[in-house]
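For the sequence shown, my numbering begins at 441 and goes up steadily by one. First up is the structure itself, then whatever we jot down about it.
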Amino acid sequence: MKSDTVKKGIERAPHRSLLRALGCTDKELGQPFVGVVNSFSEIVPGHVQLRTVAQAVKDGVREARGTPFEVNTIAVCDGIAMNHPGMRFSLPSRELIADSVEILAEAHAFDALVFIPNCDKVIPGMLMAAVRLNIPAIFVSGGPMLAGRLGQEVIDLNTMFMAVGKIAKGEMTRATLKKLEMLACPGCGSCAGMFTANTMNCLTEALGMALPGNGTIPAVNTGRLRLARETGRAIMKLLQKNIRPRDIITRDSLHNAFVADMAMGGSTNSILHLMAIAHEGGIEFPLSLVNDISAKTPHLCKLSPSGNYRI
Numbered sequence: 441m442k443s444d445t446v447k448k449g450i451e452r453a454p455h456r457s458l459l460r461a462l463g464c465t466d467k468e469l470g471q472p473f474v475g476v477v478n479s480f481s482e483i484v485p486g487h488v489q490l491r492t493v494a495q496a497v498k499d500g501v502r503e504a505r506g507t508p509f510e511v512n513t514i515a516v517c518d519g520i521a522m523n524h525p526g527m528r529f530s531l532p533s534r535e536l537i538a539d540s541v542e543i544l545a546e547a548h549a550f551d552a553l554v555f556i557p558n559c560d561k562v563i564p565g566m567l568m569a570a571v572r573l574n575i576p577a578i579f580v581s582g583g584p585m586l587a588g589r590l591g592q593e594v595i596d597l598n599t600m601f602m603a604v605g606k607i608a609k610g611e612m613t614r615a616t617l618k619k620l621e622m623l624a625c626p627g628c629g630s631c632a633g634m635f636t637a638n639t640m641n642c643l644t645e646a647l648g649m650a651l652p653g654n655g656t657i658p659a660v661n662t663g664r665l666r667l668a669r670e671t672g673r674a675i676m677k678l679l680q681k682n683i684r685p686r687d688i689i690t691r692d693s694l695h696n697a698f699v700a701d702m703a704m705g706g707s708t709n710s711i712l713h714l715m716a717i718a719h720e721g722g723i724e725f726p727l728s729l730v731n732d733i734s735a736k737t738p739h740l741c742k743l744s745p746s747g748n749y750r751i
C-alpha cells in the first residue's frame, strides 16, 4: 500500500504517533488510507450539503474495510462571482483545486481518493487531479438543485438572468422580480438546468469516473446518500483491482463524453474542461474531432437553458 510510506516500520513511529492523535486504531492503521476530498462551503448553494454526502461516503469506505480521512479544497459559486471582478477568480480556482488535491494526496500518501464536487470549476479541477495523480479514484457529486415554481411556471437561475433584462426593458415589475428571486433557487444543489455543473457531473458518469445517477439524483433526495455510500464501497473495489483513472479516462471515454455532451446540449465550458483533463493524461484530442462529434450528434435533450425541462 502507498500509505505504508507513513505507517510501516520503526522509522515511521513518529508518523504513527500523529495518526494515533487522530484516534486511529491498529486495525485502521492496517487498512488502506482513503482520502475523501470534500469541497463543502457555506457560501456555495451547490456545496452547502456536502458534509452529509461525505459522511455517507466514509460510512461506505469503512463498511468495505478502508480507513477514510476527510480533507477539503476550495469551491467558487460562479453565479455569485458573476458580473463583478470576482469572476476573474473562477477559472484559476480550477488549477488551485487540482494542485491542492495533489498536495494533500502526496503529502499524506493516500492509497485512493473519493472526490465530492458539485459546481462548475470544482468538478474539472478534481478530475484533473485524479488523472494527474493516477491512484484509484471515484466521484460522487452533491446533486442538482430542484427547479423553483411561481404558480404554474417552472423557474430556475436562468429565469433570474432573463428577469434582469426584462426589468431593464420595462417588461417586468420589481414586485414580480422579488417573487422570482425568492422562488427560483429553492434549496441546495447545483443550479437546475444543463449548465456547467450539471453538465460536468453527467460527463463524469460518461467518462466512467462515477456511478450511475451521479449527475441526476437531486441533492435533496435520499438516493443521493445511498449513492454516496455505494461510492465509498466502490472505491475499495477499484483499489483492490488496482484500476486507476488513466485506465478509465482514455481517448475513447473522452469521445464518449463528448457524444453525451452534444446529445444533452451541455455547457460549452465542457470543451474547455475536457481538454484540460485530456492534457493531464497526455491524451491528444484535437478541437477538430470535437467539431466532428458535434456535427454528427443530434441534440436530444431539451433542457434549460435550451429547452423548458430541468435535470
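The beta carbon of each residue, even a glycine, is placed where N, CA and C say it ideally should be. Owing to the predicted nature of the structure, the values given are computational and were not obtained by experimental measurement.
Exercise. Opposite Val580 in the DSSP bridges: which residues?
Worked result: In DSSP, Val580 forms no bridge with anything.
For this session: May I have the straight-line CA-CA distance separating Gly653 from Met704, to the nearest angstrom?
Result: 15 angstroms
Problem set entry | DSSP beta-bridge partners of Thr507 | Phe473
Exercise. If you follow the alpha helix (DSSP H) that Phe698 is part of, which residue opens it and which one closes it?
Worked result: 691–704
Problem set entry | Pick from Met612, Met676, Ile578, Thr616 that is closest to Gly591, judged by C-alpha positions | Thr616
Exercise. Any heavy atom of the ligand NAP within a distance shorter than 7 angstroms of the CB on Arg684?
Worked result: In the structure on display, the ligand NAP does not appear, and there are no ligands present to speak of.
Exercise. Taking C-alpha atoms, which residue in Ala700, Ser457, Met600, Cys628 lies nearest to Leu620?
Worked result: Met600
Exercise. Is it the case that the Cβ atoms of Ile578 and Leu647 are separated by a distance below 8 angstroms?
Worked result: no
Problem set entry | Distance between Glu611 and Pro532 (C-alpha atoms, nearest Å) | 37 angstroms
Problem set entry | Per-residue burial, His524 [other beta carbons within 10 Å of its own, 16 or more giving buried] | exposed
For this session: Would you kindly report the start and end of the unbroken alpha helix (DSSP H) that includes Gly565?
Result: 562–573
Exercise. DSSP three-state call for Ile683: helix, strand or coil?
Worked result: coil
For this session: Would you mind working out which of Asn558, Phe635, Ile575 sits nearest Ile480, comparing C-alpha positions?
Result: The sequence shown places Phe at residue 480, rather than the Ile named in the question. Comparing Cα positions, the closest option is Asn558.
Problem set entry | Option nearest Pro485 by Cα separation, candidates Pro472, Leu712, Asp518 | Asp518
Problem set entry | Whole-Å CB distance - Lys442 paired with Asp551, under 8 angstroms assumed | 5 angstroms
Problem set entry | Proximal residues to Ser746 (C-beta, below 6 angstroms), its chain only, five neighbours per side dropped | Gly705
For this session: Alpha carbon to alpha carbon, how far is Thr613 from Ala716? Give it in angstroms, no decimals.
Result: 43 angstroms
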